[in-house]
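Trainee:
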């Protein structure tokens, strides 16, 4: 079971969704650290030019809405996995890199039902 931590949202791509989760806007600098050797591993950070990290500001719209899950969060263990999200699906539902993906309408319906105490079972 995973806890839904917060929604990350691209304000330039659509209205703020209805949700009981805390919401953070995605801007051009927001990234997720996937380097197990970095102290910021499996956490969001402000990315500087040339710095590594999974950018949440993407052209392909996959991260227009991102539900952050608490996978490998307490405690964080290097190499045990990072950036496990529920996000917008690729066309044709092509595979993700370990995340769950939904079409935008279904993702918005799910968000309307989520709050800070919600637990999600995947599998």
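Residue numbers (this note's numbering): -18 to 104. Ideal Cβ positions, reconstructed from N, Cα and C, are used throughout, including at glycine. Computed from a prediction, not measured in an experiment: that's the story for all the values here.
#1: In angstroms, rounded to a whole number, what distance separates the CA positions of residue 51 and residue -6?
#2: Would you tell me roughly how many angstroms separate the C-alpha atoms of residue 71 and residue 89, rounded to the nearest one?
#3: Could you round the C-beta distance between residue 7 and residue 29 to whole angstroms and report it? I think they count as a contact, below 8 Å.
#4: With respect to the alpha helix (DSSP H) encompassing residue 88, which residues constitute its N-terminal and C-terminal limits?
#5: Does DSSP classify residue 41 as helix, strand or coil?
Mentor: The answer reads as follows:
#1: 25 Å
#2: 16 Å
#3: Incorrect: roughly 16 Å between the Cβ atoms, too far for contact.
#4: 85 to 94
#5: coil
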